[in-house]
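Numbering (our numbering), first residue to last: 1 to 794.
In structure tokens form, the structure reads like this:
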């Protein structure tokens, strides 16, 4: 087809070029686009003798002697990140006798010097580009301008920015005039901010084309648009953004009081905002699960994490309020939701339990509660709690059989992902049910026994003190069943030649420092990493033997002081150990499923030809692409992801609306707290935190940013870092002690350090700020204190 109407459903990129396809999409959506037609890329390639007649026939269909705009529409323009704006030609106020020549000149502009140079600069081969031409009724505009559905400077997607001037828009595009600028937020009733300029020149139509004329004095400093018109145009912009699913750059015109849309393209070089802290005075924490998800998440990972949370932790959330959030790409939990439930149920005293899981709040910081009636909370929470008890009981019965068959099931799933021709069908029939079941059984493993993990520990501390209590609670791995220690024990077996590297990869290769982020490789995908870790590990035997001695001695002291309580306490500690093992085992199985999900997305990228770009789609969008829907543009998401990755890790605790960029730019930023209310909890020089594991040791501090820096940690030095997760475990046997900014008694650092008998202080909030690499420090794990004995270099 050489000529097609502007709203033709077949007007796609290959046929109508970027501008033509976009205008067709707008027109079909019912937006006010001036009528017109497209001379297609087929006509460009064939240039048949009868084409001029076809062009003039289409023109006559627009009306008698209609003035038109003739615009180039190449197949590589108006694309995200590659606009080609101004690289090819546009001709305005063209009439019938000059139309065919204008079309030919548009074609010729594909090969002008600036267009060729632009393509070479962006790596677009000349043979890959063809030219369509849009012929469109010229809007004899009273005013015109450009609208951005997101602030092009800050990237704020909740703000619309409009430029406006008198006459045709070419005066703005050509830089001949400084237009008015109107800014408005997307909340109802948001105030319009207007910057009115002195508009000396405007572009107008003439009998021979267009020309620039002076703006009448009375209009030079007058507003082009009133508030109502700004809001009307903003609403059109939001419709266009919703249609495209990305921030848009829109050219518009105003004729006889009616707005017209002349062109729309995705905004280039713009970032999205990933920030669920907007609009709420809530307290967010990235403790606990934040240590397992320390990275900026890709959209694919975030979509899967939300499914995991909905299935594994839904009962912790207050219905109707967001329980987890994405703040600058990082994972946070909404503690205001949980605390509001506790207050409504009269259980404020249980907030200390949350501290042992999520970490202690900075001094002086209170949790803002969600303004909701007590009875409304009770009416919604109680039925959820009843259903939870039933669900946990049912899923706990499934746990033993699930664990027994978990590895074989995972290996079978990997084979199916690698060989199936029907990935969407595999997702629906097997992979999604496998994922959901694992999440539900994980939920049961964390809910069994109620508050056993906290209650037993507190009871023992009251009876025998911190050191003996912690020693008596070790041994959860006596049969090798504590998953947190699995990888390090597996590395020891590998070093001894008891298993092969391949066997290690299958059994433990899913565990690592970035195990939730599916765009990043697993340790099991890197044989060199496995070999290097095994070679550097050293023996664990002495550590485990020493801890066994400490445990036995602590029980003997307990028996001497409380002989009648030994048997019931052993039962309680055994229950404590079982809860800990089940919890850690099911967390490991969740991560094993996430490796399957990674392989699913990689295979989807392979079969669709989109490769790793699919990591910038949600799982729902990935399935749509697999079912044949067009691949969404991901350039803005990639830019957003890379930008957030360039910022330092955000504070552990965030209260209210948080701006990652402003925080990162502040010389006074803190890594433990940001509070919109202006609360500035004191952050002294003392380094104190939770007693993670008892013992006193003195040594050189080695401050590490990540486990990849682990080769800097010499045997006998003290590991100091923001947080640890299972990816750090191979470093623990070399460390004399562990100190972290984040964490709690039930966090990874505490669990592993206790089992290995390594002193630990966790959740200090300020260790990495107060301790410098090479300082000589003393760690008292029982008291939760760290002292700088001598500064490095002194």
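Glycine included, each C-beta is placed from N, C-alpha and C at the ideal position.
Residue i versus residue j: straight-line alpha-carbon distance, rounded
| i | j | result |
| --- | --- | --- |
| residue 345 | residue 695 | 39 Å |
| residue 500 | residue 531 | 10 Å |
| residue 624 | residue 604 | 11 Å |
| residue 79 | residue 265 | Only weak support exists for where residue 79 lies, its pLDDT of 41 falling under 50; the value from the coordinates is given anyway. Taking the straight line from one Cα to the other gives about 7 Å. |
| residue 272 | residue 155 | 7 Å |
| residue 20 | residue 199 | 31 Å |
| residue 506 | residue 399 | 21 Å |
| residue 745 | residue 294 | 18 Å |
| residue 230 | residue 35 | 24 Å |
| residue 274 | residue 327 | 6 Å |
| residue 739 | residue 597 | 33 Å |
| residue 607 | residue 675 | 47 Å |
| residue 425 | residue 617 | 19 Å |
| residue 26 | residue 619 | 27 Å |
| residue 600 | residue 650 | 31 Å |
| residue 98 | residue 72 | 16 Å |
| residue 285 | residue 689 | 16 Å |
| residue 40 | residue 2 | 5 Å |
| residue 161 | residue 789 | 56 Å |
| residue 29 | residue 408 | 50 Å |
| residue 455 | residue 673 | 28 Å |
| residue 764 | residue 687 | 6 Å |
| residue 237 | residue 630 | 23 Å |
| residue 548 | residue 541 | 10 Å |
| residue 692 | residue 773 | 21 Å |
DSSP state of residue i mapped onto helix, strand, coil
| i | result |
| --- | --- |
| residue 80 | Confidence in residue 80 is poor, its pLDDT being 41 and thus under 50, which makes the residue's placement unreliable; the coordinate value appears in the next sentence. Of the three classes helix, strand and coil, the one that applies to residue 80 here is coil, per DSSP. |
| residue 658 | coil |
| residue 702 | strand |
| residue 395 | helix |
| residue 504 | helix |
| residue 214 | strand |
| residue 118 | The predicted position of residue 118 is uncertain, since its pLDDT is 49 and thus under 50; no value can be drawn from it. |
| residue 17 | helix |
| residue 100 | helix |
| residue 33 | coil |
| residue 86 | Low confidence applies to residue 86: its pLDDT is 40, below 50, so where it sits in the model is not reliable, and the reading given next is rough at best. Coil, per DSSP. |
| residue 765 | coil |
| residue 572 | helix |
| residue 372 | coil |
| residue 321 | coil |
| residue 3 | strand |
| residue 185 | strand |
| residue 590 | helix |
Close Cβ partners of residue i (< 6 Å) along its chain, the five nearest in sequence each way excluded
| i | result |
| --- | --- |
| residue 787 | 778 |
| residue 698 | 778 |
| residue 529 | 523 |
7 Å Cβ shell around residue i - same chain, five flanking residues per side excluded
| i | result |
| --- | --- |
| residue 296 | 329, 330, 641, 644 and 645 |
| residue 12 | 21 |
| residue 252 | 144, 145, 147, 233, 259, 260, 261 and 262 |
| residue 438 | 589, 590 and 593 |
| residue 171 | 165, 177, 201, 202, 203 and 212 |
| residue 611 | 605 |
| residue 137 | 34, 35, 36, 62, 66 and 68 |
| residue 276 | 322, 325, 326 and 327 |
Cβ shell of residue i (< 8 Å), same chain only, five flanking positions each side left out
| i | result |
| --- | --- |
| residue 45 | 130 |
| residue 448 | 392, 396, 579 and 582 |
Report task. For the region 535-553 and the region 623-642, state whether three or more C-beta atom pairs, one from each stretch, are separated by less than 8 Å. Result -> no
Query raised in the report: What runs of the beta strand (DSSP E), each 3 residues or longer, lie entirely inside the region 145-178?
Result: Runs of the beta strand (DSSP E) inside the region 145-178: 159-166.
Requested in this report: Can you check the region 240-296 for any alpha helix (DSSP H) of at least 4 residues that lies completely inside it and give the ranges in chain order?
Outcome: 289-292
Report task. Indicate whether the contact test is met: 3 or more Cβ pairs, each with one atom in the region 586-603 and one in the region 436-447, closer than 8 Å. Result -> yes
Query raised in the report: Below 8 Å, can you find three or more Cβ-Cβ pairs linking the region 298-312 to the region 502-517?
Result: yes
Report task. Answer yes if the region 253-267 comes into contact with the region 712-722, meaning at least three C-beta pairs across the two stretches below 8 Å, and no otherwise. Result -> no
Report task. Specify whether the region 253-261 and the region 170-185 touch according to this definition: at least 3 beta carbon pairs, one from each stretch, less than 8 Å apart. Result -> Look at the beta carbons and you see the region 253-261 not touching the region 170-185: under three pairs across the two are nearer than 8 Å.
Report task. Determine, using beta-carbon pairs with one atom in the region 565-578 and one in the region 520-529, whether at least three such pairs fall under 8 Å. Result -> no
Report task. Determine, using beta-carbon pairs with one atom in the region 751-765 and one in the region 467-476, whether at least three such pairs fall under 8 Å. Result -> yes
**Report entry** Validate contact between the region 242-252 and the region 203-216 using beta carbons, cut 8 Å, 3 pairs
**Finding:** With the cut-off at 8 Å, the region 242-252 and the region 203-216 do not touch.
Query raised in the report: Hey, which unbroken runs of the alpha helix (DSSP H) at 4 residues or more fall wholly within the region 716-790?
Result: 748-756 and 767-770
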